[in-house]
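Per my numbering, the sequence shown starts with residue 2, numbered consecutively.
All C-beta atoms, glycine included, are put in the ideal place defined by N, C-alpha and C.
The structure displayed is predicted, hence computed values, not measured ones.
Down below is the structure, laid out as structure tokens.
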Amino acid sequence: MDNTFQTEFDLKTSYETYSITADGGALDYYILAGPAPKDVIRQYTSLTGRMELPPKWALGYHQSRYSYRSEAEVRELVEAFKRKNIPLDAVHLDIHYMDEYRVFTFDEQKFPEPEKLVQDLKAEGIKIVPIVDPGVKRDETYLPYQEGMEKNHFSSYSDGSVYYGDVWPGESAFPDFFRGETRKWWEEQQAYYTNMGIEGVWNDMNEPAVFNEKKTMDNDVFHEENGVFKTHRELHNAYGLHMSQASFEGLKNKLGGKRPFVLTRAGFAGIQRYAAVWTGDNRSFWEHLQMAVPMTLNLGVSGVPFAGNDVGGFAHDTNAELLTRWTQLGTFTPFFRNHSNIGTVFQEPWAFGEKTEETIKKYIELRHKWMPHLYELFQEASETGMPIMRPMMMHYAEDPNTLKLHDQFMVGEDVLVAPVTQSAAKHRIVYLPAGTWYNYWNDNEVYEGGRYIMAEADLDTLPIFIRENSAILEGSVKQNADAKQESLRVHVYLGESGSLSKRIYEDDGETLNHQNEKYFSESISISRDNDIISIEEKDIHAGYTPCWSAKTYVLHQVSEAIEVYINGSKQETVYDKADLRAFV
Ligand code: MIG
2 MDNTFQTEFD
12 LKTSYETYSI
22 TADGGALDYY
32 ILAGPAPKDV
42 IRQYTSLTGR
52 MELPPKWALG
62 YHQSRYSYRS
72 EAEVRELVEA
82 FKRKNIPLDA
92 VHLDIHYMDE
102 YRVFTFDEQK
112 FPEPEKLVQD
122 LKAEGIKIVP
132 IVDPGVKRDE
142 TYLPYQEGME
152 KNHFSSYSDG
162 SVYYGDVWPG
172 ESAFPDFFRG
182 ETRKWWEEQQ
192 AYYTNMGIEG
202 VWNDMNEPAV
212 FNEKKTMDND
222 VFHEENGVFK
232 THRELHNAYG
242 LHMSQASFEG
252 LKNKLGGKRP
262 FVLTRAGFAG
272 IQRYAAVWTG
282 DNRSFWEHLQ
292 MAVPMTLNLG
302 VSGVPFAGND
312 VGGFAHDTNA
322 ELLTRWTQLG
332 TFTPFFRNHS
342 NIGTVFQEPW
352 AFGEKTEETI
362 KKYIELRHKW
372 MPHLYELFQE
382 ASETGMPIMR
392 PMMMHYAEDP
402 NTLKLHDQFM
412 VGEDVLVAPV
422 TQSAAKHRIV
432 YLPAGTWYNY
442 WNDNEVYEGG
452 RYIMAEADLD
462 TLPIFIRENS
472 AILEGSVKQN
482 ADAKQESLRV
492 HVYLGESGSL
502 SKRIYEDDGE
512 TLNHQNEKYF
522 SESISISRDN
532 DIISIEEKDI
542 HAGYTPCWSA
552 KTYVLHQVSE
562 AIEVYINGSK
572 QETVYDKADL
582 RAFV
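What follows is the structure in structure tokens.
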């Protein structure tokens, strides 16, 4: 349904009917005929657009806090990550970095040399992501406000008077992001950040949120869309979308061929073209960890593959166990950021002692090991709209047991992840659809699916299962995505007479050159006939040279008598008896 007025979806009151109502405007329906869930998503994203491939660093681990308040605090934080060898890709700066919350400023006392900070961290592979809210402080001496007033960039009433709302900087004006001219102006403002070397911004409060009873802008404020004036009542829901559009286009134009990153809280259909979405202010409650799974899945099937939740929980105090479990889930949510509220306990990976730190580190490292696999899925998402994190029903729609399963999910179509979202649990029930499944942590444990199993899940363990006849790409543990990828392993899980095909995708991870043929893509087909395994490697596109020097196949659950052929020629194998694996 294509309508930006206030809408209500009631999917609960009645079993027989769903109701969707809108406050005004036309009811424009699009019927997407599928037939399979994947087809619906492809069709829907052909209408609303698809995510551009993000920079690889954005897929890494982000650390945030409301707020890291000074340059010294940020440097100490980064030092701690380095000392402890915990991978880190980005540090987010919340509202206290600004001079009295004026966007496009740094507080000169607390951040005396922001550019140096950004550059120093960048040299270590760590990006700074500042928060940028829409509200522009009403202050005659402040350039963005002056310019905005002069050029009529702010949303106004019908008599031309500017709308002011109270937000962090106090009384503020709100750019009319529906106007092309205003978006251009906002794009220009991004230079303030990109000139320092910043490559990503975080758009918050862009519903827009205002500190008043209604919590937002007045309904009778006007916006100008393609030369037509429309009320905020009509356009409210799309305000965040267009703010992110301007942020994204601005960064993109100014980054000289590098890929931008925008994170947003608000959005509308199509937001995936401009920004990753996080699900806002959750709380450090187990219930909110539980809800994180269906929320992220719903975003995924709604065309927004790059989504995630505040890991550890935002409001209230988290604890060792909750943070551990939440980090385990975060390892497989497309966006992976630990963030917490002012006044709550600190929740950096080491905040709860050595044991907890060790487990959390293991999972952040795991994120990097899985990076080649995830990156391939991100690339697929950019082309087809398919989510990275997928509900079970997307691939098993014919199995009624999967239709309402929302406490486990698929990563791509080969990996099943079942996070623990209850306190004190050491086991959990996992539904394995029909077929054969391997325990990722110990593949001597092989399960026949079409049933529920009780998976072991002590605090150190996130249950992960690999579908038979699939392959998983594994990279090396790195301190961040910019570090060199030294090895690539292709883990192969084949039944005795099975076959699979897998695509490897790689590019430089940071520029737009992949749009000009500078990428590497290889297709691997593998088939097994008992002890004979044949691998066919075929370059689909060799426009980029991946930096791993060699790739290793790890063949799981095979016998010592194994014979392996790559493109017809017989290979030497190293056999590991204990794990029944062969390395080629
Ligand atoms: O009124 O910038 O969701 O992530 O830390 C709260 C402060 C404003 C809400 C965001 C949250 C952020 C906080 N912001």
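From the DSSP secondary-structure annotation, give me the bridge partner or partners of residue i.
i	result
P131	L94
E564	I533
I465	V418
Y432	Y453
E507	F521
R490	E475, T553
L264	W203, A277
Q348	DSSP, once it has assigned bridges, lists no residue as partnering Q348.
K362	According to DSSP, K362 bridges with nothing at all.
G166	S173
N440	F466
M411	R391, L417
A543	F521
F307	Beta-bridge pairing links F307 to no other residue.
N339	Q64, V312
F82	F82 is not bridged to any residue.
Compute the Euclidean distance between the alpha carbons of residue i and residue j, then round it to the nearest angstrom.
i	j	result
G499	Q558	13 Å
Y364	L378	19 Å
A472	G451	21 Å
T298	I129	For clarity, residue 298 is Leu in the given sequence; the question names Thr instead. Spanning the two alpha carbons is a distance of roughly 28 Å.
S488	F584	14 Å
L48	L236	19 Å
Q7	A425	41 Å
G198	E53	21 Å
D219	A316	28 Å
Y506	S535	21 Å
I467	K39	20 Å
V418	L118	38 Å
E208	F269	10 Å
I96	N517	38 Å
K85	E358	9 Å
R266	E449	41 Å
V431	A293	18 Å
S157	F178	12 Å
E399	A435	11 Å
Q291	I533	44 Å
R368	D483	14 Å
T5	T46	18 Å
T591	K485	The chain is shown from 2 up to 585; residue 591 falls before or after that span and cannot be answered.
R43	T403	21 Å
M206	P176	13 Å
N227	H542	41 Å
D415	G181	43 Å
E594	H224	Residue coverage of the chain in this structure runs from 2 to 585, which leaves residue 594 outside it and unanswerable.
H374	G301	18 Å
E523	R103	48 Å
N196	H396	45 Å
S20	L12	7 Å
P401	V412	20 Å
L408	F333	One point to set straight first is that residue 408 is Asp, not Leu, in the sequence displayed. The alpha-carbon atoms of D408 and F333 are separated by roughly 13 Å.
A321	R429	19 Å
F336	K370	16 Å
T18	I272	29 Å
List the whole-angstrom C-beta distance separating residue i from residue j, where the pair is believed to meet the contact cut-off of C-beta under 8 Å.
i	j	result
W442	T422	19 Å between Cβ atoms; not a contact.
F155	G149	5 Å
L60	G258	The pair is not a contact, with the Cβ atoms about 19 Å apart (cut-off 8 Å).
V493	L474	In fact, because the Cβ distance is near 11 Å, the residues do not count as touching under 8 Å.
S173	G166	6 Å
P350	I87	5 Å
P56	R260	4 Å
L252	V305	Going by Cβ atoms, the distance from L252 to V305 rounds to 19 Å, so no, they are not a contact pair.
If you measure from the beta carbon of residue i to each beta carbon in chain B, is any gap under 8 Å?
i	result
N238	Among the chains of the structure shown, chain B does not appear; only one protein chain is present.
Query raised in the report: Does the pairing of the stretch 207 to 215 with the stretch 269 to 280 give three or more beta-carbon distances under 8 Å?
Result: Verdict: no, contact absent.
Report task. Kindly confirm or deny that the stretch 64 to 73 and the stretch 85 to 97 touch, where touching means at least three C-beta pairs closer than 8 Å. Result -> yes
Report task. Could you tell me whether the stretch 179 to 198 touches the stretch 246 to 258, where touching means 3 or more Cβ pairs closer than 8 Å? Result -> yes
Query raised in the report: Taking one C-beta from the stretch 339 to 348 and one from the stretch 303 to 314 each time, how about it: are there three or more such pairs within less than 8 Å?
Result: Contact between the stretch 339 to 348 and the stretch 303 to 314 is present, because at least three Cβ pairs lie under 8 Å.
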